């Protein structure tokens, strides 16, 4: 295993090479050729192509042509959301338990709090290969896989993209190195417990 790395690209920020797609992506493209026209597809597949072969564990997320890929631990999960206005209070009960809703209500910046919580939970969901129906029960108290320990991170990238990452490894790892943007603001990762 190598040191954790978080790759970021804006639309058309990384070189997409259709001839370097893996078998799974080639098959998807044969069944849905329109995917290749999507900026999300091109940017996320360009990041996948940066990984060595055989591919280590990785987690991938993309929105509006931006993409983030996390690798460097036995278990990884990453999510990214733009800090766009939403009806945060009405969305919370869909995925947050009562303790998480209390935490949210105590935060000074509703948008930042909402997206820190949402992206943390979705990163955890991806790391554990859980279903969206499991989102309310995934919390900061969710145990890591046997023999591993969680590490949590959050950043604001390029001024608008909140990214949360979870890594599980047997021993502490250095924080992920961020490649692809110099516009990085480190944020506190969501860590509130359910007590």
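In my numbering, the protein residues as written are 765 to 959.
Note that beta-carbon positions come from the ideal geometry of N, C-alpha and C, so glycine has one too.
Values in this document were obtained by computation on a predicted structure and should not be read as measured data.
| query | result |
| --- | --- |
| Hey, how far is the Cα of residue 767 from the Cα of residue 832? | 16 angstroms |
| Helix, strand or coil for residue 919 per DSSP? | strand |
| Please list, in chain order, all residues of the same chain as residue 921 whose beta carbon is under 7 angstroms from its beta carbon, the five residues on each side excluded. | 772, 927, 945, 947, 948 |
| Terminal residues of the continuous alpha helix (DSSP H) containing residue 879? | 874 to 891 |
| In chain order, what residues of the same chain lie with their CB nearer than 8 angstroms to the CB of residue 827, ignoring the 5 residues before and after it? | 804, 844, 845, 846, 925 |
| Is the CB-CB distance between residue 917 and residue 940 below 8 angstroms? | yes |
| So, under 8 angstroms CB-CB, residue 914 and residue 930 are touching, yes? Tell me the CB distance rounded to an integer number of Å. | 6 angstroms |
| Can you give the Cα-Cα distance for residue 904 and residue 841, rounded to whole angstroms? | 14 angstroms |
| Would you decide whether residue 896 is buried or exposed? Buried here means 16 or more other CB atoms lie within 10 Å of its CB. | exposed |
| Unbroken beta strand (DSSP E) runs of length 3 or more, entirely within the region 769 to 852: which are they? | 769 to 773, 822 to 827, 830 to 835, 839 to 846 |
| Just list the residues that DSSP pairs residue 910 with in beta bridges. | Answer by DSSP bridge pairing: none, since residue 910 is not bridged. |
| Is the distance from the Cβ of residue 912 to the Cβ of residue 898 below 8 angstroms? | no |
| State the start and end residues of the unbroken beta strand (DSSP E) segment that holds residue 941. | 941 to 943 |
| Quick check on the burial criterion: 16 or more other C-beta atoms within 10 angstroms. Buried or exposed for residue 855? | exposed |
| I need the straight-line Cα distance from residue 861 to residue 932, nearest angstrom please. | 23 angstroms |
| Report the CB separation of residue 863 from residue 871 in whole angstroms; it is logged as a contact under 8 angstroms. | Contact flag wrong, Cβ pair sits at about 13 angstroms. |
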